[in-house]
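Protein chains in written order, with the working numbering: chain A, 13 to 320; chain B, 29 to 224.
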């Protein structure tokens, strides 16, 4: 069991550099002075009528690139240093295999700038929120509020992913189309319930929704009840931050369409349904409805080890 | 016996281990050359479905899109394969349910629980990973407006592969993907469109 635990710890350590420095802010901590709103920090505010969660990727800026390059150089130097030892081990093992008639072990690959990599730069500043650590609950409105302090910058909504430190426990990646927004320092960027309420309700949008609709229809038919139309229970778009956050100005987030993303965590993936005036699609091409232009679609890169 | 228990413990621990970013390999676009479709042999697609075949159409299927040429179909299939390659699994229904709620708005509780059970049905391990890959391919090819058609397991195996824990060898994958593109850009099937 200890070995199993060590495996988990080792796996966590692997992704430690990708840990987000974002922090959930709670109203009770502001009141007690344990947390303070920092004008140098950015803040993402989200509300929902239930506990929710999600993940954002911060678009790497120059400072991220500099840090990344530094870490890359260090890790590459380390890998180069290790290579002669690995080669020697392989030579010994290959000799033993030859003598014992066993299968030859795979020769280690000398690290080069082309074949060496550390964790993807896109995962340097991931930010997640929920379902725990709410800012507060607005009881009369039955509303859960989430506030997260983040590095200012541009953030892409990666999807409703449940993040634990260094790991993703589940959810869906919006790998084939999503939205992005700016977060400025000293300002609360109010996303309201946009991520939940803004998108069109499209029946059979993806396999999970098609399956859900089919089951719901079967159940309703069995009971002789009418089937809800898509979007029937969807909340209205709502914004607004609690009074206790008035120390900083709040601005509504301005959402823009964003193109395809790699499936970094190898999860179920889909795409955000269309959002009038913001996000549209032509087949798998993402369209920025603010400009009417196609969003550049990057070439998808696989993170999977290729088997020769 | 002790080692068996240890293996089991590790397996259980790993099964409940959430997904971590795949960083063991350098990010790469799998390089490929566009094959000449004239060198490929179209797989057999004709069969008379039995009720059992139809029950397995969520596993054994192929894609086709009218108007897609071979090159376009091949690029589409390669892209969806890259996105769907490698897998992890939902740990339980709640994550998927909340994901679906965020995606589709708050619908009847039945819908949430249906999504939950869809995922809860999955058995952790290779089978769940294979299922996830199939669903991801259906989503991806669906967004690219390909139709889906059913096959028998036997016919399907001639030009498809499943991936659970590991990755198939590149040659085997490439051969299958090429034939899938040939079929996807070939004559329109006369069998029933399965939907997403």
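Note that the Cβ used here is the ideal one computed from N, Cα and C, for glycine as well.
What is the rounded straight-line gap between the Cα of residue i and the Cα of residue j?
i	j	result
residue 117 of chain B	residue 182 of chain A	Note that residue 117 of chain B scores a pLDDT of 45, beneath 50, so its modelled location is shaky; the value from the coordinates is reported in the next line. Spanning the two alpha carbons is a distance of roughly 7 Å.
residue 238 of chain A	residue 232 of chain A	6 Å
residue 127 of chain A	residue 86 of chain A	15 Å
residue 172 of chain B	residue 278 of chain A	20 Å
residue 309 of chain A	residue 165 of chain B	18 Å
residue 90 of chain A	residue 99 of chain A	15 Å
residue 172 of chain A	residue 113 of chain A	52 Å
residue 185 of chain B	residue 150 of chain A	55 Å
residue 145 of chain A	residue 159 of chain B	33 Å
residue 146 of chain B	residue 225 of chain A	Reliability of the predicted coordinates at residue 146 of chain B is poor, the pLDDT of 38 falling under 50, and no value is obtained from them.
residue 271 of chain A	residue 214 of chain B	29 Å
residue 267 of chain A	residue 255 of chain A	24 Å
residue 53 of chain A	residue 40 of chain A	19 Å
residue 110 of chain B	residue 103 of chain B	11 Å
residue 184 of chain A	residue 168 of chain A	14 Å
residue 209 of chain A	residue 57 of chain A	15 Å
residue 274 of chain A	residue 312 of chain A	6 Å
residue 136 of chain B	residue 182 of chain B	Annotation note: pLDDT 32 at residue 136 of chain B (below 50); position unreliable, coordinate value reported separately. Roughly 40 Å separates the two Cα atoms.
residue 162 of chain A	residue 94 of chain A	37 Å
residue 306 of chain A	residue 86 of chain B	33 Å
residue 98 of chain B	residue 37 of chain A	53 Å
residue 155 of chain B	residue 190 of chain B	10 Å
residue 121 of chain B	residue 108 of chain A	For residue 121 of chain B, the pLDDT reaches just 37, beneath the cut-off of 50, and the residue's location in the model is therefore unreliable, although a value from the coordinates is still provided. Their backbone Cα atoms lie some 49 Å apart in a straight line.
residue 83 of chain A	residue 121 of chain A	21 Å
residue 49 of chain A	residue 124 of chain A	45 Å
residue 119 of chain A	residue 198 of chain B	18 Å
residue 66 of chain B	residue 201 of chain B	19 Å
residue 264 of chain A	residue 289 of chain A	16 Å
residue 91 of chain B	residue 77 of chain A	41 Å
residue 174 of chain B	residue 212 of chain B	8 Å
residue 247 of chain A	residue 59 of chain A	11 Å
residue 75 of chain B	residue 138 of chain A	49 Å
Residue i bridges to which residues according to DSSP?
i	result
residue 177 of chain B	B:90
residue 175 of chain A	A:180
residue 67 of chain A	A:140 and A:171
residue 35 of chain A	A:161
residue 200 of chain A	A:55 and A:262
residue 148 of chain A	A:157
residue 60 of chain A	A:156
residue 69 of chain B	Looking at the DSSP assignment, residue 69 of chain B forms no beta bridge with any residue, so it has no partner.
residue 185 of chain A	A:281
Report back the beta-carbon spacing between residue i and residue j to the nearest angstrom; my notes put them in contact at under 8 Å.
i	j	result
residue 242 of chain A	residue 214 of chain A	7 Å
residue 222 of chain B	residue 89 of chain B	6 Å
residue 186 of chain A	residue 282 of chain A	7 Å
residue 156 of chain A	residue 303 of chain A	That pair is no contact at about 34 Å.
residue 287 of chain A	residue 211 of chain A	5 Å
residue 134 of chain A	residue 51 of chain A	So it is not a contact: roughly 28 Å between Cβ atoms.
residue 34 of chain A	residue 160 of chain A	5 Å
residue 132 of chain A	residue 293 of chain A	With 8 Å as the limit, residue 132 of chain A and residue 293 of chain A do not qualify as a contact, their Cβ atoms being about 25 Å apart.
residue 205 of chain A	residue 224 of chain B	Going by Cβ atoms, the distance from residue 205 of chain A to residue 224 of chain B rounds to 27 Å, so no, they are not a contact pair.
residue 178 of chain B	residue 219 of chain B	7 Å
residue 69 of chain A	residue 170 of chain A	5 Å
residue 66 of chain A	residue 140 of chain A	7 Å
Is DSSP giving residue i helix, strand or coil here?
i	result
residue 290 of chain A	coil
residue 114 of chain A	coil
residue 296 of chain A	coil
residue 47 of chain A	coil
residue 207 of chain B	helix
residue 196 of chain B	coil
residue 309 of chain A	coil
residue 168 of chain B	helix
residue 195 of chain A	strand
residue 190 of chain A	strand
residue 166 of chain A	strand
residue 214 of chain A	coil
residue 121 of chain A	coil
residue 105 of chain A	helix
residue 189 of chain B	coil
residue 223 of chain B	coil
residue 62 of chain B	coil
residue 97 of chain A	helix
residue 267 of chain B	Residue 267 of chain B falls outside the range modelled here, since chain B spans only 29 to 224, and no answer is possible.
residue 132 of chain A	coil
residue 40 of chain A	helix
Say yes only if the C-beta of residue i is nearer than 7 Å to one or more non-hydrogen atoms of the ligand NAP, and no if none qualify.
i	result
residue 240 of chain A	The ligand content of the structure shown is nil, which means the ligand NAP is not present either.
Review point. At which residue ranges does the region 225 to 282 of chain A contain complete alpha helix (DSSP H) runs of 4 or more residues, listed in the order of the chain?
Key: Those alpha helix (DSSP H) runs which fall completely within the region 225 to 282 of chain A and span 4+ residues do not exist here.
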